[in-house]
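Enquirer: If you read the protein sequences in the order shown, they are chains A and B. Heads up: the first sequence is residues 1 to 336, going by full-length UniProt numbering. Heads up: the second sequence is residues 1 to 336, going by full-length UniProt numbering. In this text, a Cβ means the ideal position worked out from N, Cα and C, and glycines have one as well.
Number of protein chains: 2
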Amino acid sequence: MKPTIRDVAKLAGVSISTVSRVMNAPETVVPEKRQRVQEAIERLRYKPNAFARGLIYKKSDTFGVMIPDIENPYYAGLLRGIQDAAAEMNHSVIICNTDRDRSRMLAYVRNLFEKQADGIIFASDSLHRELYDELKRSRLPFVLVSTDAPEYDAPSVDIDNEQAACEAVRHLIELGHREIGMIGFPVGNTISGAPRLAGFRRALAEAGLDHCASHVEFAAHRFEDACEAAGRLFVRAPQITAVFAASDEFAMGVIAYARDHGRSVPDQLSVVGFDDIRMARMFIPRLTTVEQPVYQIGVRAVHKLHELMVNGEVSVLHERLPHRLIVRESTAGLRV
Amino acid sequence: MKPTIRDVAKLAGVSISTVSRVMNAPETVVPEKRQRVQEAIERLRYKPNAFARGLIYKKSDTFGVMIPDIENPYYAGLLRGIQDAAAEMNHSVIICNTDRDRSRMLAYVRNLFEKQADGIIFASDSLHRELYDELKRSRLPFVLVSTDAPEYDAPSVDIDNEQAACEAVRHLIELGHREIGMIGFPVGNTISGAPRLAGFRRALAEAGLDHCASHVEFAAHRFEDACEAAGRLFVRAPQITAVFAASDEFAMGVIAYARDHGRSVPDQLSVVGFDDIRMARMFIPRLTTVEQPVYQIGVRAVHKLHELMVNGEVSVLHERLPHRLIVRESTAGLRV
DNA sequence: GTGAAAGCGCTAACAT
DNA sequence: ATGTTAGCGCTTTCAC
Numbered sequence: 001m002k003p004t005i006r007d008v009a010k011l012a013g014v015s016i017s018t019v020s021r022v023m024n025a026p027e028t029v030v031p032e033k034r035q036r037v038q039e040a041i042e043r044l045r046y047k048p049n050a051f052a053r054g055l056i057y058k059k060s061d062t063f064g065v066m067i068p069d070i071e072n073p074y075y076a077g078l079l080r081g082i083q084d085a086a087a088e089m090n091h092s093v094i095i096c097n098t099d100r101d102r103s104r105m106l107a108y109v110r111n112l113f114e115k116q117a118d119g120i121i122f123a124s125d126s127l128h129r130e131l132y133d134e135l136k137r138s139r140l141p142f143v144l145v146s147t148d149a150p151e152y153d154a155p156s157v158d159i160d161n162e163q164a165a166c167e168a169v170r171h172l173i174e175l176g177h178r179e180i181g182m183i184g185f186p187v188g189n190t191i192s193g194a195p196r197l198a199g200f201r202r203a204l205a206e207a208g209l210d211h212c213a214s215h216v217e218f219a220a221h222r223f224e225d226a227c228e229a230a231g232r233l234f235v236r237a238p239q240i241t242a243v244f245a246a247s248d249e250f251a252m253g254v255i256a257y258a259r260d261h262g263r264s265v266p267d268q269l270s271v272v273g274f275d276d277i278r279m280a281r282m283f284i285p286r287l288t289t290v291e292q293p294v295y296q297i298g299v300r301a302v303h304k305l306h307e308l309m310v311n312g313e314v315s316v317l318h319e320r321l322p323h324r325l326i327v328r329e330s331t332a333g334l335r336v
Numbered sequence: 001m002k003p004t005i006r007d008v009a010k011l012a013g014v015s016i017s018t019v020s021r022v023m024n025a026p027e028t029v030v031p032e033k034r035q036r037v038q039e040a041i042e043r044l045r046y047k048p049n050a051f052a053r054g055l056i057y058k059k060s061d062t063f064g065v066m067i068p069d070i071e072n073p074y075y076a077g078l079l080r081g082i083q084d085a086a087a088e089m090n091h092s093v094i095i096c097n098t099d100r101d102r103s104r105m106l107a108y109v110r111n112l113f114e115k116q117a118d119g120i121i122f123a124s125d126s127l128h129r130e131l132y133d134e135l136k137r138s139r140l141p142f143v144l145v146s147t148d149a150p151e152y153d154a155p156s157v158d159i160d161n162e163q164a165a166c167e168a169v170r171h172l173i174e175l176g177h178r179e180i181g182m183i184g185f186p187v188g189n190t191i192s193g194a195p196r197l198a199g200f201r202r203a204l205a206e207a208g209l210d211h212c213a214s215h216v217e218f219a220a221h222r223f224e225d226a227c228e229a230a231g232r233l234f235v236r237a238p239q240i241t242a243v244f245a246a247s248d249e250f251a252m253g254v255i256a257y258a259r260d261h262g263r264s265v266p267d268q269l270s271v272v273g274f275d276d277i278r279m280a281r282m283f284i285p286r287l288t289t290v291e292q293p294v295y296q297i298g299v300r301a302v303h304k305l306h307e308l309m310v311n312g313e314v315s316v317l318h319e320r321l322p323h324r325l326i327v328r329e330s331t332a333g334l335r336v
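As structure tokens, then:
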């Protein structure tokens, strides 16, 4: 059996409260006894039971992270920031891979509630009504990451997606492109949908290129979806010389499709991605893309959650971190 | 405050033991009361406190996963299998990103112990003495994944790395290559090191190509390291026409390096990777590689851990899952 | 079949 | 400064 506080007390010849004090307020115990207790703790390799503590303190030093798909490099980066920040403050993180399945999400929330999680970080999925209600009822503090839910005033951390998309498209325009298409996320789905599309349209409008505004195809999430979407786009608008892809994986899909159909990148087609996942600089050609500070987003999310847990509220509700366009090899000036 | 069993009892007009019975052995309660209690539970949205339960049952339905780096697609795939299998049996998984830092690993184990985790899955890091001792002392059941530790007889799940590497190299040989190099993991570091090197050497020996046995360079873990290693390899042995890379990321590094130095793949250089990460089929050229059933490895690891938790022992100590060579576009016959 | 009470391992009054 | 005790929320004897 694992040693309990009683075992330590017996071995040290003191009462259990003294042992408890040695752990929680050592200065209130005379050095001599403190010493004895510490030795007993070492010898027995005693560690306090988190259940018993939790029952008293009503906290678990644990929180849950809900993400759609750990295999997606974007979420992996996020998770890393989250876990590092959590470890920093001695908290554990329980990972919940949702696969975008609503009933799984609900089940996770309930489970986290039972396990007395101190909070939840909810990343990237659309926060539907039922889930929001459950979250609220559970009274678990939660923060949203890369998920906009303007209708609910939940704390969030993110980048300015509309602006970032706009800058990416401007880059294409500055390169001389006048026939530009986009591969986007479904509009309703996540924050990556609508705002990035809006940014695309804004850049177009600024440059008087509104005729391109409908050159948009949507893809679900993965590379293969993007390949197909690229196919549809090129059929509809073969004159296109540049594509804004709403994620790096989409950009790779577009490039792969183009390559398979005799269009070389960037000579005959420029492509901008989004996210700057690690793969972006390993791909050939290296991807021009919008860098998101994923790791930092994760870190900030944890801090925000912590603030929420401690103060019950948060100083800035919606936090936006800076993004940056990184020009690599997948975009080039338009050749006439 | 969260409702407790007392609140439910009061609302239903019964004793707390009856409420407990409704949850744990409903058939022992008369239907009428059972009904009332269930209604009260619903109304209050009561959920039993896992701390209190844990204190009694001495288990948390939670286990920890230690991995070096979630951003590495290989581990991400593993984690996905693990999490799915865990969710299946209503267990939570606490993620511990080790960054290969020994003191962090130790800290995680202690933390998991305190939190009363039911077991640990330890992936891919080398299991050093101190950690092994800590694990043993903690009496936490644990299973090793993609980590060989023959000196300790710990349960493990993995593939046959030596054989898989051998097959990858044979593929190169069958293609007509006679000057073959390798980019490997440091030999001491993980299971990916020594066995894959041994497989490389075995295939070479079988074909009477021993003169290639020293055409090996080592890289730490990342793409950039592999690029550099490729540089060293080509300086030392410029006659090489094919490379066996011990991971897909290494293969991409080699290809990127070759591309930057005027060697096209697969026309002038064939490259085989290892792992079949998702990116392997998105890369250009698509990677020929050894597929590991990562997801399944994760699933099996959970089942093995569960077996260990329940029975205190495991029927087969070391489990090996099947691998498979997938030929795509990064390898081609030798042109003379 | 149901309630009262003990106890899981710990902390925090409360005595001394 | 230290020991005794109540109690966190639950399960499980043990009486009735």
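Does the beta carbon of A:G54 come closer than 8 Å to any beta carbon on chain B?
Expert: Taking the first sequence and counting its residues from 1, the one referred to as residue 54 of chain A is at position 54. With 8 Å as the cut-off, A:G54 counts as an interface residue toward chain B.
Enquirer: For B:A164 and B:Y132, what's the separation of their Cα atoms in angstroms?
Expert: For the purposes of this step, residue 164 of chain B is taken as the residue at position 164 of the second sequence. For the purposes of this step, residue 132 of chain B is taken as the residue at position 132 of the second sequence. C-alpha separation (whole angstroms): 28 Å.
Enquirer: Within 8 Å (strictly less), CB to CB, does B:V37 reach chain A?
Expert: Numbered from 1 along the second sequence, position 37 holds the residue referred to as residue 37 of chain B. For B:V37, no CB of chain A lies under 8 Å from its own CB, so it is not counted at the interface with that chain.
Enquirer: Drop a sphere of 10 angstroms on the beta-carbon of B:D260, count the other beta-carbons inside from all chains shown, and report buried for 16 or more, exposed for fewer.
Expert: If you number the second sequence from 1, residue 260 of chain B lands on position 260. Exposed: under 16 other Cβ atoms inside 10 Å.
Enquirer: Determine the chain B residues that contact A:R278 at a beta-carbon separation under 7 Å, and present them in chain order.
Expert: Counting from one through the first sequence, the residue named residue 278 of chain A turns up at place 278. What A:R278 touches in chain B: E71.
Enquirer: Could you check what DSSP says for A:G188 in three-state terms: helix, strand or coil?
Expert: Counting from one through the first sequence, the residue named residue 188 of chain A turns up at place 188. A:G188 falls in the coil class under three-state DSSP.
Enquirer: Can you find at least 3 beta carbon pairs, one from the stretch 162–179 of chain A and one from the stretch 98–110 of chain A, that sit closer than 8 Å?
Expert: The stretch 162–179 of chain A makes no contact with the stretch 98–110 of chain A, as fewer than three CB pairs between them are under 8 Å.
Enquirer: Taking contact to mean 3 or more Cβ pairs, one atom from each stretch, closer than 8 Å, check whether the stretch 16–36 of chain A and the stretch 56–65 of chain A are in contact.
Expert: no
Enquirer: Report the neighbours of A:P48 on chain B: residues whose CB is nearer than 8 Å to its CB, in chain order.
Expert: Along the first sequence, read from residue 1 onward, the residue named residue 48 of chain A stands at position 48. Here the neighbours are E114.
Enquirer: At a Cβ threshold of 8 Å, is B:R328 touching chain A?
Expert: Here the question's residue 328 of chain B lines up with position 328 in the second sequence. No, B:R328 does not count as interfacial toward chain A.
Enquirer: Would you mind working out which of A:Q268, A:V310, A:Q296, A:P322 sits nearest A:T331, comparing C-alpha positions?
Expert: In the first sequence, residue 331 of chain A corresponds to position 331, counting from 1. Ranking A:Q268, A:V310, A:Q296, A:P322 by Cα distance to A:T331 puts A:Q268 first.
Enquirer: For a test of the three-state rule: what should DSSP assign to A:M1, helix, strand or coil?
Expert: Counted from its first residue, the first sequence places residue 1 of chain A at position 1. Looking at A:M1 - three-state DSSP - the assignment turns out to be coil, as it is neither helix nor strand.
Enquirer: Is it true that the CB of A:F200 sits closer than 8 Å to the CB of A:S192?
Expert: One-based indexing of the first sequence puts residue 192 of chain A at position 192. One-based indexing of the first sequence puts residue 200 of chain A at position 200. No. Outside cutoff.
Enquirer: If we count Cβ pairs, one from each stretch, closer than 8 Å, do we get three or more for the stretch 289–308 of chain B versus the stretch 67–87 of chain B?
Expert: yes
Enquirer: What does the Cβ neighbour count give for A:D153, buried or exposed, with the cut at 16 atoms within 10 Å?
Expert: Locating residue 153 of chain A in the first sequence gives position 153, counting from the first residue. A:D153 should be labelled exposed.
Enquirer: Please work out which residues of its chain come closer than 6 Å, Cβ to Cβ, to B:C96, disregarding the five sequence neighbours upstream and downstream, and give them in chain order.
Expert: Position 96 of the second sequence, counting from 1, holds the residue named residue 96 of chain B. So the list reads G64, M66, Y108, once near-sequence residues are dropped.
Enquirer: In three-state terms, what does DSSP make of A:R324?
Expert: Here residue 324 of chain A refers to the residue found at position 324 of the first sequence. A:R324 falls in the strand class under three-state DSSP.
Enquirer: Using Cβ-Cβ distances below 8 Å, what residues of the stretch 84–97 of chain B are close to chain A?
Expert: Those residues of the stretch 84–97 of chain B that come within reach of chain A (Cβ to Cβ, closer than 8 Å) are D84, A87, N90, S92, V93, I94, I95, C96, N97.
Enquirer: Using a threshold of 8 Å, state whether the C-beta atoms of A:A230 and A:I277 are closer than that.
Expert: Along the first sequence, read from residue 1 onward, the residue named residue 230 of chain A stands at position 230. Along the first sequence, read from residue 1 onward, the residue named residue 277 of chain A stands at position 277. Contact: no.
Enquirer: Looking at A:I240: is its Cβ nearer than 8 Å to the Cβ of A:H215?
Expert: As a first step, residue 240 of chain A must be located in the first sequence, where it is residue number 240. As a first step, residue 215 of chain A must be located in the first sequence, where it is residue number 215. Cβ distance < 8 Å, so A:I240 and A:H215 count as in contact.
Enquirer: Please report how far the alpha carbon of A:R102 lies from the alpha carbon of B:D210, in whole angstroms.
Expert: Reading the first sequence from its first residue, position 102 is the one you call residue 102 of chain A. Reading the second sequence from its first residue, position 210 is the one you call residue 210 of chain B. When rounded, the distance between both Cα atoms is 57 Å.
Enquirer: State buried or exposed for A:K115, treating a residue as buried only when at least 16 other CB atoms are found within 10 Å of its CB.
Expert: Within the first sequence, residue 115 of chain A is the residue found at index 115, counting from 1. Buried, since its Cβ has 16 or more Cβ neighbours within 10 Å.
Enquirer: List the residues of chain A that B:N111 touches, going by C-beta distances under 8 Å, in chain order.
Expert: Counted from its first residue, the second sequence places residue 111 of chain B at position 111. The answer, in chain order, is N90, S92.
Enquirer: Report the rounded CA-to-CA distance for B:R129 versus B:G188, giving the unit in angstroms.
Expert: Stepping through the second sequence from its first residue, residue 129 of chain B is reached at position 129. Stepping through the second sequence from its first residue, residue 188 of chain B is reached at position 188. Rounded to whole angstroms, B:R129 to B:G188 spans 14 Å at the Cα level.
Enquirer: With a threshold of 8 Å between beta-carbons, can A:I284 be considered close to chain B, or not?
Expert: Indexing the first sequence from 1 puts residue 284 of chain A at position 284. A:I284 counts as touching chain B.
Enquirer: How long is the line joining the alpha carbons of A:L127 and B:R202, rounded to whole angstroms?
Expert: Counting from one through the first sequence, the residue named residue 127 of chain A turns up at place 127. Counting from one through the second sequence, the residue named residue 202 of chain B turns up at place 202. If I take the Cα positions, the gap works out to 54 Å.
Enquirer: Identify, in the order they occur along the chain, each residue of the same chain with its Cβ nearer than 6 Å to the Cβ of B:S156, setting aside the five sequence neighbours on each side.
Expert: For this step, residue 156 of chain B is matched to residue 156 along the second sequence. The answer, listed in chain order, is L144, H318.
Enquirer: Could you say which of A:L44, A:P285, A:L308, A:D69 lies nearest to A:T4 if we only look at CA atoms?
Expert: One-based indexing of the first sequence puts residue 4 of chain A at position 4. The residue with the shortest Cα to Cα distance from A:T4 is A:L44.
Enquirer: Taking Cβ positions only, does A:G77 come closer than 8 Å to chain B?
Expert: Locating residue 77 of chain A in the first sequence gives position 77, where the first residue counts as 1. So, interface residue.
Enquirer: Check the C-beta distance from B:A168 over to B:F244 and give it rounded, since I have them as a contact under 8 Å.
Expert: Stepping through the second sequence from its first residue, residue 168 of chain B is reached at position 168. Stepping through the second sequence from its first residue, residue 244 of chain B is reached at position 244. The Cβ separation is near 6 Å, so the contact holds.
Enquirer: What is the DSSP secondary structure of A:D158, reduced to helix, strand or coil?
Expert: The count along the first sequence starts at 1 and reaches residue 158 of chain A at position 158. Here A:D158 sits in strand by DSSP.
Enquirer: Since I believe B:A246 is in contact with B:R196 (beta carbons under 8 Å), could you give me their beta-carbon distance rounded to a whole number of angstroms?
Expert: By one-based count along the second sequence, residue 196 of chain B stands at place 196. By one-based count along the second sequence, residue 246 of chain B stands at place 246. With 8 Å as the limit, B:R196 and B:A246 qualify as a contact, their Cβ atoms being about 5 Å apart.
Enquirer: Could you pull out every residue in the same chain whose Cβ sits closer than 7 Å to the Cβ of B:P141, ignoring the five residues on either side in sequence?
Expert: Locating residue 141 of chain B in the second sequence gives position 141, where the first residue counts as 1. Closer than 7 Å at the Cβ level, and outside the excluded window around B:P141, lie G119, L305, L308, M309.
Enquirer: Report yes or no: is there a C-beta of chain B within less than 8 Å of the C-beta of A:F234?
Expert: Position 234 of the first sequence, counted from the first residue, corresponds to residue 234 of chain A. No - not a single Cβ of chain B is within 8 Å of the one on A:F234.
Enquirer: Give a yes or no on whether 8 Å exceeds the smallest Cβ distance from A:A256 to chain B.
Expert: The residue given as residue 256 of chain A occupies position 256 in the first sequence. Interface residue, yes.
Enquirer: Mind pulling the beta strand (DSSP E) runs of 3 or more residues that sit fully within the stretch 249–301 of chain B?
Expert: 270–275, 288–291
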